Amino acid sequence: MKNIKDYDLPQLKEEMKKLGQKPFRAEQIFQWLYRDKVSSFDEMTNLSLELRELLKQNYTMNEFKIIKKQEASDGTKKYLFDVLDGNAIETVLMSYHHGFTICVTTQIGCKMGCKFCASTGIPFIRNLSSGEIVEQLLAVERDTGVRISNVVFMGIGEPLDNYENVINAIRIINNPKGIEIGARHISISTSGLVPQIYRLADENIQCTLSISLHATNNKKRSEMMPVNNAYPIEELIQACKDYIAKTNRRVSFEYALAKENNDNLEDAKELVKLLRGMNCHVNLIPINKIENGKYTKSSIENIMKFRDYLNNHGIVATIRRELGSDIDAACGQLRRKSLVDKSS
Ligand code: SAH
């Protein structure tokens with residue numbers, strides 16, 4: 058059966074046509090799903106009983122089950138969801154002064170192999186569908202009763218390696234007839250898949266693009282991130298410049314500082330050279346050490362010095378507030394889990 062949440066409104070209209078229904082039925086269903094956030098077709102009371110039956114025969118609502126929920130001392134919540142095929146994924150809800158942000162997972166596992174990330178080293182299983190990405194938001198809202206205002210594609214997986222489903226999920230989340238989270242409140246983070254960055258520039262979506270840069274020269278970046286062998290820094294930066302020119306949007310760079318690896322003044326100087334003149338913002342993240350990982354956190358004094366150097370040389374940089382690290386919900390701490398995984 059098909060997941061009813063895999064469709065943005067225009068696609069749902071096509072689906073309804075196939076079932077011999079009028080397109081406005083799609084609008085009604087879309088509103089029940091994303092405005093009223095109902096859990097069953099039976100609750101869609103402005104549809105006839107026959108249509109509700111027809112929907113039940115053809116589609117699932119695919120609501121995730123919560124396997125585990127943890128709450129950090131700072132209020133961050135981490136969910137382990139049963140995605141109903143024997144796999145489990147993690148999703149994080151963070152509370153900021155400007156509202157609630159959800160960090161969604163896009164793939165079951167990840168192929169990128171970044172050396173500092175806990176998602177690495179466990180085999181990749183599959184992409185999540187659009188509906189499975191959207192369902193993370195709905196499931197968390199159902200559980201907490203909060204209204205989520207920001208979405209970051211920074212959970213497990215490489216969003217641009219699951220391009221179509223991620224873009225479609227953004228269109229669903231953004232649709233004014235449904236959840237209606239503004240594109241400017243949605244961020245996609247990528248390890249740097251250059252062709253997809255060009256593709257994204259043509260989508261005409263006003264979301265924020267975040268680039269996981271983490272190093273300023275190819276030798277260091279390739280050591281940390283194998284994807285750099287395929288798309289070296291020069292190509293990545295050029296793609297970002299072209300993205301900015303085309304979209305008029307500011308790009309974010311994420312830079313996770315690891316002690317004595319990429320946190321020296323020399324690195325800061327190289328970073329200034331690399332980004333000078335670009336409409337961008339640098340997010341500095343204290344790297345989180347993973348089990349058996351060789352990278353350890355840079356000291357906060359060092360990170361502040363790094364930030365000050367950037368700011369004093371014309372690059373806007375801030376230090377990302379760390380949330381949820383006591384429940385392994387911070388950057389790079391999420392892992393693919395299976396229902397039989399004893400560590401979950
Ligand atoms: N694959 C995408 C999105 C998922 S990771 C990407 O690479 O951007 C989200 C962010 O967390 C990325 O910037 C990633 O580089 C960063 N990250 C991964 N492991 C980390 C760690 N151990 N400490 C700090 N940040 C980490």
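Note that the numbering used here gives residue 79 to position 22 of the sequence shown, counting from 1, and the numbers run on in steps of one.
Here a beta-carbon is modelled for each residue, glycine too, at the ideal position from N, C-alpha and C.
Model, not experiment: these values are computed from the prediction.
Proximal residues to residue i (C-beta, below 7 angstroms), its chain only, five neighbours per side dropped
i	result
Thr-273	Asp-324, Glu-327, Leu-328, Leu-331
Residue i beta carbon near the ligand SAH (any heavy atom closer than 7 angstroms)
i	result
Ala-313	yes
Thr-353	no
Phe-87	no
Cys-297	no
Met-169	yes
Gly-214	yes
Tyr-342	In the sequence under discussion, the amino acid at residue 342 is Ile, which differs from the Tyr named in the question. Indeed, a heavy atom of the ligand SAH lies less than 7 angstroms from the Cβ.
Cys-337	no
Thr-247	yes
Cβ-based neighbour list, residue i, same chain, cut-off 8 angstroms, excluding 5 preceding and 5 following
i	result
Glu-198	Lys-94, Arg-204, Ile-205
Lys-122	Phe-138, Asp-139, Leu-141
Lys-298	Met-335
His-155	Ser-206, Asn-207
Residue i versus residue j - alpha carbon distance
i	j	result
Gly-212	Ile-376	19 angstroms
Tyr-116	Ala-175	35 angstroms
Lys-351	Phe-173	8 angstroms
Leu-341	Ile-372	12 angstroms
Ser-355	Ser-186	37 angstroms
Lys-346	Ser-97	42 angstroms
His-242	Gln-263	9 angstroms
DSSP-derived helix/strand/coil call for residue i
i	result
Leu-112	helix
His-154	coil
Arg-92	coil
Ser-97	coil
Thr-304	helix
Asn-232	coil
Lys-346	coil
Ile-384	helix
Asn-285	helix
Val-149	strand
Tyr-255	helix
Enclosing beta strand (DSSP E) for residue i [first to last residue]
i	result
Ile-179	Per DSSP, Ile-179 belongs to no beta strand (DSSP E) and is neither H nor E.
Asp-139	134-139
Arg-210	In the sequence under discussion, the amino acid at residue 210 is Phe, which differs from the Arg named in the question. Element bounds for Phe-210: 205-210.
Thr-201	It is not in any beta strand (DSSP E) - Thr-201 instead sits in the alpha helix (DSSP H) that spans 187-201.
Close-in-space but distant-in-sequence residues of the same chain around residue i (CB under 6 angstroms, 5 per side omitted)
i	result
Tyr-91	Gly-235, Ile-236
Leu-270	Phe-310, Tyr-312
Val-397	In this prediction, Val-397 has a pLDDT of 49, which is less than 50 and means its spatial position is unreliable; what the coordinates show is noted afterwards. Excluding residues within five positions, none has a Cβ falling inside 6 angstroms.
Glu-128	Lys-134
Unbroken alpha helix (DSSP H) run spanning residue i, endpoints
i	result
Ile-337	Checking the sequence, you will find Cys at residue 337 rather than Ile. It is not in any alpha helix (DSSP H) - Cys-337 instead sits in the beta strand (DSSP E) that spans 337-343.
Leu-266	Leu-266 -> not in any alpha helix (DSSP H); beta strand (DSSP E) instead, spanning 265-269.
Glu-327	322-332
Lys-362	357-369
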